[in-house]
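> To start, I am sharing the structure in question, which I have written as structure tokens.
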Amino acid sequence: MDTTSVKDYFLMLQARIVAGLEQFDGLVFRSDSWTRPAGGGGLSRLIEDGNFFERGGVNFSHVVGDKLPPSATAHRPQLAGRAWEAMGVSLVLHPRNPFCPTVHMNVRFFIAHGAQGEDSIWWFGGGMDLTPYYGFVEDAKHFHQSCADALAPFGEATYPRYKKWCDEYFYLKHRNEARGIGGVFFDDLDEGGFERCFALTQAVGDTFLSAYLPIIERRRDEKFSEHERDFQAYRRGRYVEFNLVWDRGTLFGLQSGGRTESILMSLPPIVKWRYDWQPEADSAERKLYTDFLPVRDWLAA
126 MDTTSVKDYF
136 LMLQARIVAG
146 LEQFDGLVFR
156 SDSWTRPAGG
166 GGLSRLIEDG
176 NFFERGGVNF
186 SHVVGDKLPP
196 SATAHRPQLA
206 GRAWEAMGVS
216 LVLHPRNPFC
226 PTVHMNVRFF
236 IAHGAQGEDS
246 IWWFGGGMDL
256 TPYYGFVEDA
266 KHFHQSCADA
276 LAPFGEATYP
286 RYKKWCDEYF
296 YLKHRNEARG
306 IGGVFFDDLD
316 EGGFERCFAL
326 TQAVGDTFLS
336 AYLPIIERRR
346 DEKFSEHERD
356 FQAYRRGRYV
366 EFNLVWDRGT
376 LFGLQSGGRT
386 ESILMSLPPI
396 VKWRYDWQPE
406 ADSAERKLYT
416 DFLPVRDWLA
426 A
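Set out below in structure tokens:
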């Protein structure tokens, strides 16, 4: 098992994605290298108040430790007490234009080292998902088709399985509402051996730019008013709720002593909440709830 090649790939992926986003936005991402007192560190690449992106980050981290936090051992108690390391790339991008969707992508590798005579336990995880404020069928179809094409070499059942997993994971249970239109998500991936799992993870990471950039290129010049910005800020509240209440990655990062600023870079800069607000009937805002948030087969749209 070559963990060095995994780390090298993640660093290369971060650099490649940042270069593509810088070319699109026109501004250079800030670099913030950090270390963790308990072991390891990372490199955060951030943009705020860009020409296109209101806020975004593409972060690499490689952290190590002697004892896993509760968020990691809750569903795998056999990991308790093992030395471990986790590495990956995680990104969230919040465009300023409400007609351009927020996007999240994450690819990661985890290993819990075995004591003498015991095997190490490892897995890959990751995925990407799209969170529009004003939905467009062609954008949703393109994003999902990109995900399906990336996973096609790994079996025809892989995309449907990981799409369903994404739909179920990025769901606000306290509101009975999806966060966005999904994508693909997988975790605890070790089936088929290390090389297959690493190749699948690379396929997801390598697809990100081609899945997302054509969408924001198509929508970047859409005209908007304070009305659309207001709705965007309201829906961003759902993003905050999910990340702080349900997301396993956020909990793991905070409980394991990761860099708080890097972990919470996923939160949008401008957010609003209203008490029991409902969109007007037949409005563009209402269409998000009726036509896009419910689970759909976007490949057949």
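Residue 126 is where the sequence shown starts when you use my numbering, and the numbers rise one by one after that.
Every residue, glycine too, gets a C-beta built ideally from N, C-alpha and C.
Everything numeric in this text was worked out from a predicted model, so none of it was measured.
1. Taking 9 Å as the threshold (beta carbon to beta carbon), is I340 in contact with chain B?
2. Determine the direct distance from the alpha carbon of T256 to that of G151, and round the result to whole angstroms.
3. Near S158, what residues of its chain come up, given a Cβ to Cβ distance below 6 Å and the 5 sequence neighbours on each side ignored?
4. Helix, strand or coil for F234? Go by DSSP, reduced to three states.
5. Determine the closest residue to F323 out of M212, N176, P162 and L171, with distance taken between C-alpha atoms.
6. So what's E179 in DSSP terms, helix, strand or just coil?
7. Where do the N-terminal and C-terminal ends of the beta strand (DSSP E) with S350 fall, by residue?
8. Around the Cβ of G307, are there at least 16 other Cβ atoms within 10 angstroms (buried) or fewer (exposed)?
9. Taking the straight line between their C-alpha atoms, what separation do you get for N301 and E366?
10. Taking a contact to mean a Cβ-Cβ separation below 9 Å, would you say I395 touches P220 in this structure?
11. Can the beta-carbon of F185 be found less than 9 Å from the beta-carbon of V228?
12. List in chain order: all unbroken alpha helix (DSSP H) runs of 4+ residues lying wholly within the stretch 328-389.
13. To the nearest angstrom, report how far apart G252 and V309 are at their CA atoms.
14. Under 9 Å between the Cβ atoms of A163 and R207?
15. Excluding sequence positions up to five away, which residues of its chain have a Cβ less than 6 Å from the Cβ of G362?
16. In whole angstroms, what is the alpha-carbon distance linking F224 and A275?
17. Are the stretch 263-274 and the stretch 412-426 touching, with three or more C-beta to C-beta distances below 8 Å?
18. Measuring CA to CA, which of A358, L392, M390 and H352 is closest to A409?
19. Report the option in F149, G145, L216 and N222 whose CA atom is closest to the CA atom of E179.
20. Specify, as a first and last residue, the run of the beta strand (DSSP E) that T415 falls within.
21. Would you check if the distance between the CB atom of L297 and the CB atom of V370 is smaller than 9 Å?
22. How would you label V153, buried or exposed, when you count the other beta carbons within 10 angstroms and need 16 or more for buried?
23. Is the distance from the Cβ of F261 to the Cβ of W247 below 9 Å?
24. How would you label W402, buried or exposed, when you count the other beta carbons within 10 angstroms and need 16 or more for buried?
25. How long is the line joining the alpha carbons of A140 and T332, rounded to whole angstroms?
26. Whole angstroms are fine: how far does the CA of D254 sit from the CA of D264?
27. Whose C-alpha, out of F295, Y287, D312 and Y284, is nearest the C-alpha of R201?
Here's the rundown:
1. In the displayed structure, chain B is absent; only one protein chain is listed.
2. The residue labelled residue 151 in the question sits at position 26 within the sequence shown. The residue labelled residue 256 in the question sits at position 131 within the sequence shown. Whole-angstrom Cα-Cα distance: 23 Å.
3. Taking the sequence shown and counting its residues from 1, the one referred to as residue 158 is at position 33. Excluding sequence neighbours, S158 sits near L168.
4. Here the question's residue 234 lines up with position 109 in the sequence shown. In this structure, F234 counts as strand in the three-state DSSP scheme.
5. Within the sequence shown, the letter at position 198 stands for residue 323. Looking at the Cα atoms, M212 is the closest of the given residues.
6. Looking up residue 179 in the sequence shown gives position 54. DSSP places E179 in strand when its eight states are reduced to three.
7. Against the sequence shown, residue 350 aligns to sequence position 225. Per DSSP, S350 belongs to no beta strand (DSSP E) and is neither H nor E.
8. In the sequence shown, residue 307 corresponds to position 182, counting from 1. By the neighbour-count rule (16 or more Cβ atoms within 10 Å), G307 is buried.
9. Taking the sequence shown and counting its residues from 1, the one referred to as residue 301 is at position 176. Taking the sequence shown and counting its residues from 1, the one referred to as residue 366 is at position 241. Approximately 13 Å between the Cα atoms of the pair.
10. Looking up residue 395 in the sequence shown gives position 270. Looking up residue 220 in the sequence shown gives position 95. The answer is no: Cβ separation not under 9 Å.
11. Numbered from its first residue, the sequence shown carries residue 185 at position 60. Numbered from its first residue, the sequence shown carries residue 228 at position 103. No, Cβ-Cβ distance for F185 and V228 is not below 9 Å.
12. 351-370, 373-380 and 385-388
13. Start at 1 with the first residue of the sequence shown, and residue 252 comes out as number 127. Start at 1 with the first residue of the sequence shown, and residue 309 comes out as number 184. Taking the straight line joining both Cα atoms gives about 5 Å.
14. Taking the first residue of the sequence shown as position 1, residue 163 is located at position 38. Taking the first residue of the sequence shown as position 1, residue 207 is located at position 82. Their beta carbons are not under 9 Å apart, which means A163 does not touch R207 by this criterion.
15. In the sequence shown, counting from the first residue as 1, residue 362 sits at position 237. Hits under 6 Å: V396 and W398.
16. Along the sequence shown, one-based indexing puts residue 224 at 99. Along the sequence shown, one-based indexing puts residue 275 at 150. Near 26 Å, if we compare the C-alpha coordinates of A275 and F224.
17. yes
18. Locating residue 409 in the sequence shown gives position 284, where the first residue counts as 1. The option with the nearest alpha carbon to A409 is H352.
19. Residue numbering aside, residue 179 sits at position 54 when the sequence shown is read from its first letter. If we check each option's Cα against that of E179, N222 comes out closest.
20. Locating residue 415 in the sequence shown gives position 290, where the first residue counts as 1. No beta strand (DSSP E) contains T415, which DSSP labels as neither H nor E.
21. Working through the sequence shown from its first residue, we reach residue 297 at position 172. Working through the sequence shown from its first residue, we reach residue 370 at position 245. Yes, Cβ-Cβ distance for L297 and V370 is below 9 Å.
22. To locate residue 153, count along the sequence shown from 1; it is residue 28. Per the 10 Å Cβ criterion, exposed.
23. For the purposes of this step, residue 261 is taken as residue 136 along the sequence shown, with counting starting at 1. For the purposes of this step, residue 247 is taken as residue 122 along the sequence shown, with counting starting at 1. No, they are not a contact pair.
24. Translated into positions along the sequence shown, residue 402 becomes position 277. Exposed, since its Cβ has fewer than 16 Cβ neighbours within 10 Å.
25. Numbered from its first residue, the sequence shown carries residue 140 at position 15. Numbered from its first residue, the sequence shown carries residue 332 at position 207. Going from the Cα of A140 to the Cα of T332 covers about 14 Å.
26. Looking up residue 264 in the sequence shown gives position 139. Looking up residue 254 in the sequence shown gives position 129. Computed Cα separation, rounded: 12 Å.
27. Taking the first residue of the sequence shown as 1, we reach residue 201 at position 76. Closest by alpha carbon: D312.
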